[in-house]
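Accompanying notes for the structure given below.
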Amino acid sequence: MINMNRIVPVTNTDLLTLYGLILKLKGLTIAAVSAGDTGVFAMTSGSGNKLADEPVKSFDFGSSVTSAVIYFVAAYDYEGFSIAGTKVTTSGAEVAPDGSTLYTATLASGAVTIAKVGL
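Going by the working numbering, 84 is the number at position 37 of the sequence shown; the sequence numbering is gapless.
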């Protein structure tokens with residue numbers, strides 16, 4: 048907490064929208080990516096910075112996706128990432144499926160690296 052004496056509650060928006068706003072204020076070009084089923088994402092094309100529009104249970108990068116950065120919050124039942132339907136072991140940060148911590152999943156050279164964002 049930055050200021051324990053003057054807390055301003057977030058009451059008129061959801062956490063993912065707030066994260067998206069902060070990323071845009073940072074100067075990042077970012078677009079939302081939507082799940083097909085609850086928490087189940089499949090990115091079949093494209094690249095660049097994406098923000099998962101709900102907590103991620105699983106995320107599959109299609110075979111035509113060669114690079115991307117996914118900003119995401121892990122769902123309580125988080126399973127991980129896959130490439131072209133094959134589950135991959137990620138490197139980097141351990142994901143705590145708490146429904147609120149923001150992470151990035153960076154796809155590059157056929158591997159996925161996880162990083163925690165923020166303090």
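For glycine and all other residues, C-beta sits at the position ideal for the given N, C-alpha and C.
Between the stretch 70-88 and the stretch 104-114, the count of Cβ pairs shorter than 8 Å is three or higher; the stretches touch. Rounded to the nearest whole angstrom, the C-alpha separation of A122 and K134 is 17 Å. By the beta-carbon neighbour count (other beta carbons within 10 angstroms, threshold 16), G95 is exposed.
Taking C-alpha positions only, G139 is separated from T160 by approximately 5 Å. Non-local C-beta neighbours of G165 in its own chain, meaning closer than 7 Å and more than five positions away in sequence, comprise L149, ordered along the chain.
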